[in-house]
Amino acid sequence: MSSAAEIPRRSDTAAPSQTDVVIQTIKTMITDGRLGPGSRLPVEKDLAAEFAVSRGSLREGVRALAIMGVLETRQGDGTYVTSLDPNLLLAPMGFMVDLQSPANGTHLQAVRRVLETEAVGRAATRITDEQLAAASKILDDVEPLIVADRVLDHDAVMDADIAFHRIISRASGNPALQALVDSLASRTVRVRMWRAISARGAVRETQAEHRAILAELIARDPDRARIRMANHLLGVEEFMDSLPDGELEPDL
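At position 172 of the sequence shown (counting the first as 1) the number is 188 in this note's numbering, and the numbers step up by one without a gap.
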């Protein structure tokens, strides 16, 4: 009987597939400057020969990079490098975030709190008067929808909530930060809606917290804006922590 030492072992480092070669080579061509935003790739036949891969593998690699927002194929015109804008490149993250289990919701909310607290601090020194006016109008439009502790239109209130936070992330002046914040915020919409419906006074409390955040933005005070935002998002986080696992992804 052969000893364990004589049993052939697979190499821990498998040779990359031809598709992987395509992806990595195009990535290198972009990072070293041979291809830039808007650049047209050589025709398929020439590129396959240059990479020493089959045309089928080349197409698979191009499709993968198109899904990632790196390339775009224009019918009858060829394949081009996209703008490589962070919002485009980070868009797939929203899909990956959506695949997270409800049990990970509180972890995602905690990450959102860290990132959006920084976003509002940056926004405090960069936000325009037009953006401040738009944020103020959003909050003003919510007021008629809250009668005592009763909400007349939860969907409209949630849309306003999303729009308010989106103005702040955009005003941060950092497209990568904006894309990350927006992706994480989308994953907690359902539980935030559930909080608005089930927790008495939650919408009125959220409205007051939004007003406090806006006041610090108007005052151009980044430190106090960060404190207000952290406190606001911590309330959602604590609500999520208080829910049984089965209620973290409620059916609305």
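Virtual Cβ for every residue (Gly too), placed ideally from N, Cα, C. Note that the structure is predicted; figures quoted are calculated from it, not measured.
- Secondary structure at residue 128: helix, using DSSP grouped into helix, strand and coil.
- The segment 247-256 makes contact with the segment 198-209: 3 or more CB pairs, one atom from each, lie closer than 8 Å.
- In this structure, DSSP gives residue 189 a state outside helix and strand, which the three-state scheme calls coil.
- Distance from the CA atom of residue 228 to the CA atom of residue 244, rounded to whole angstroms, is 7 Å.
- An exposed status is given to residue 112, since fewer than 16 other beta-carbon atoms sit within 10 Å of its beta-carbon.
- Under the three-pair Cβ rule at 8 Å, the segment 137-157 counts as touching the segment 186-193.
- Ranked by Cα distance from residue 222, the options 196, 174, 110 and 107 are led by 174.
- Taking C-beta atoms as the reference points, residue 202 and residue 110 count as a pair closer than 7 Å.
- Between residue 51 and residue 86, the C-beta gap is not smaller than 7 Å, which leaves the two residues out of contact.
- Distance from the Cα of residue 257 is smallest, within the candidate group 92, 31 and 124, for 124.
- In the structure shown, residue 162 falls within a strand segment according to DSSP collapsed to helix, strand and coil.
- Ranked by Cα distance from residue 89, the first of 57, 211 and 39 is 57.
- Contact between residue 44 and residue 80 is absent: CB atoms are separated by about 15 Å, not below the 8 Å threshold.
- Put simply, the backbone Cα of residue 151 is about 7 Å away from that of residue 183.
- A Cβ-Cβ distance of about 25 Å is found for the pair residue 220 and residue 143, leaving them out of contact under the 8 Å criterion.
- The C-alpha of residue 134 is placed about 16 Å away from the C-alpha of residue 199.
- A direct Cα-Cα distance of roughly 20 Å separates residue 32 from residue 47.
- Bridge pairing for residue 90: 94 [DSSP].
- Residue environment analysis places residue 132 among the buried positions, since at least 16 neighbouring C-beta atoms fall within 10 angstroms of its C-beta.
- Contact check for residue 77 against residue 38 passes: the beta carbons are separated by less than 7 Å.
- Around the beta carbon of residue 168, fewer than 16 other beta carbons sit within 10 angstroms, so the residue counts as exposed.
- With respect to residue 179, residue 154 sits close: the two C-beta atoms are nearer than 7 Å.
- Boundaries of the alpha helix (DSSP H) harbouring residue 256: 238-258, taken from the DSSP string.
- Within the segment 38-75, the alpha helix (DSSP H) runs of at least 4 residues that lie entirely inside it are, in chain order, 60-67.
- Here residue 78 is not bridged, per DSSP, to any residue.
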